[in-house]
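Following: one structure in structure tokens, then a few remarks.
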Amino acid sequence: MMNSTAIMLSTRPGRTDCRLGPRSPEPLSYPVEDCKLCFKNIPPLNLLSSMAASGTNDQSHTAVTRPLSPGIYAPIPTFFQPESEDLDLDAFEKHVLRTALAGVRPVLSGSMSEAIHLSHDERSKLIKTARKVLDNAGLDKMPIISGVGAGSTRECIEFANEAAEAGADCAIAICSGYFAGALVGNKKALKAFWTEISQESPIPVMIYNYPGAAGGINLDSDLITELAVECPNLVGVKLTCGDVGKLTRVAATVSDPTFSPNHPRKNRDAQFLVLGGFTDFLLPGAYVNGHGAITGLANVAPHTLVKLFELSEGSKIDPKLLGEAQRLQGIVARADATIAKSSIAGTKFLLDRLYGYGGNPRRPLPPIEPAAGEALWEHPHTRALVDLELSLVQASGLPKNM
């Protein structure tokens, strides 16, 4: 097993400090362009090209956007200053860049991002900051998804318009659970919610199905496929319900050769993506035509998740890759379940330990207790994931003496 690690970026302009080795070493300094840990090779041009072709919706009030493609997306945490709880944009920029250079696309202002704690201005500021970071890194074709969840349909639409203006390429909408008692099982009301948002949004919209954050509101596969058929500005669904059968049914519908010709998206380059909200079924999902995942685990192990996605897809063509895909899936599945139990606070603790930034959630969400954080860090499932991640980073060209 590899040594426990800490990887950090400094705030000094034009420099990056990386730590790799024992837990408390002195950082080794390199010019920014030489650091292969923090500035990993940009994804292959063919991958960027698949993200690049800008699509235009067929209405005058809609925006030119970068279409989404299958793969791994990370719900980026929002980082806060220790005392004031103001946005820590320095940490945010570092993390957006770190994950993007591993081939992971950013999702902002979702559950992991503590969207419920963010103002309108803060959500827009995060989009603008992420867009600047990606553009400056030569990733100007990488799309940004931004959450537009709110208490009312009206405010969700306001968030969608603000997200478009700030530079987001896609909105992801969850139905508020505040009045879940009146909405659970009310197909007409739920269908109207996503229909209206998709009709009024200037950018494409994704359905976010997360019963745990929506008072038990849980869309079934019939309603999701109805929305996919009837709403051309809907471009996907994130299934944080963890229902593999539901993913299979929706993916079977949208992957049918007749679906796209008969039900084209408003954005001519878009497809309807079916994404998991966890990665414990990424490999099985690939075999039923799933398109990847939006997963909090990609914040901790972006290279690992991208590698697992590539192996999962590749093994359908080359069966010799299946054994390695299964090995990685086992490591990822165990780590996903272990880390998810500690939620946002646990993920931030791990980021602090790995990269030197993370901090606490905004109140009233409490930080993880120190003993629980240490137990999470030392858990065999976490250690296996961290060791795998570091081995992939090193294989990508990290100097051996670091």
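Sequential numbering of the sequence shown, starting at -17, is according to my numbering. Where is the CB? At the ideal position from N, CA and C, for every residue including glycine.
Per-residue burial, residue i [other beta carbons within 10 Å of its own, 16 or more giving buried]
i	result
residue 299	exposed
residue 295	buried
residue 95	buried
residue 377	exposed
residue 330	buried
residue 371	buried
residue 375	buried
residue 46	exposed
residue -17	With a pLDDT of 37 at residue -17, under the threshold of 50, the predicted position of this residue should be treated as unreliable, though the coordinate-derived value follows. Exposed, by the Cβ-count rule.
residue 80	buried
residue 337	buried
residue 249	buried
residue 4	Confidence at residue 4 is low in this model, with a pLDDT of 28, below 50, so its placement is unreliable and no value can be given for it.
residue 309	exposed
residue 312	exposed
residue 102	exposed
Sub-8 Å separation of residue i and residue j beta-carbons
i	j	result
residue 283	residue 259	no
residue 254	residue 210	yes
residue 187	residue 261	no
residue 113	residue 128	no
residue 148	residue 123	no
residue 153	residue 183	yes
residue 142	residue 130	yes
residue 321	residue 364	yes
residue 257	residue 220	yes
residue 189	residue 206	yes
residue 100	residue 91	yes
residue 264	residue 291	yes
residue 162	residue 197	yes
residue 285	residue 52	no
Residue of the options minimising C-alpha distance to residue i
i	options	result
residue 368	326, 317, 341, 339	317
residue 319	353, 358, 57	358
residue 199	173, 157, 240	157
residue 270	152, 82, 232	232
residue 223	77, 217, 277, 177	277
residue 307	89, 137, 280, 267	267
residue 247	280, 230, 236, 217	217
residue 235	285, 204, 181	204
residue 251	59, 215, 293	215
residue 50	140, 185, 164	185
residue 137	98, 373, 226	98
residue 192	74, 166, 328	166
residue 333	366, 54, 58	58
The ligand SAM heavy atom lying under 7 Å from the CB of residue i
i	result
residue 77	In terms of ligand content, the structure shown is empty, and the ligand SAM therefore cannot be addressed.
Could you tell me whether the stretch 341 to 359 touches the stretch 66 to 76, where touching means 3 or more Cβ pairs closer than 8 Å?
Flag = yes, the stretch 341 to 359 and the stretch 66 to 76 touch.
To test your reading of the DSSP string, which unbroken alpha helix (DSSP H) runs of 4 or more residues are found completely within the stretch 267 to 335?
Counting whole runs of 4 or more residues, the stretch 267 to 335 contains the alpha helix (DSSP H) stretches 279 to 282, 284 to 296, 304 to 322.
Whole beta strand (DSSP E) elements within the stretch 40 to 115, 3-residue minimum:
Taken in chain order, the complete beta strand (DSSP E) segments of 3 residues or longer contained in the stretch 40 to 115 are 53 to 57, 87 to 90.
Taking only runs of the alpha helix (DSSP H) that begin and end inside the stretch 220 to 262, which ones reach a length of at least 4 residues, in chain order?
With a minimum length of 4 residues, the continuous alpha helix (DSSP H) runs that stay inside the stretch 220 to 262 are 226 to 236, 241 to 244.
Stretch-stretch touch, CB-based, cutoff 8 Å, three pairs: the stretch 69 to 86 with the stretch 346 to 366
Counting Cβ pairs under 8 Å, fewer than three are found: no touch.
Note down, one range per segment and in chain order, each beta strand (DSSP E) of at least 3 residues found wholly within the stretch 124 to 169.
Whole beta strand (DSSP E) segments, 3+ residues: 127 to 129, 152 to 155.
Tell me the start and end of each unbroken beta strand (DSSP E) in the stretch 165 to 210 that is at least 3 residues and wholly inside, in chain order.
Runs found: 187 to 191.
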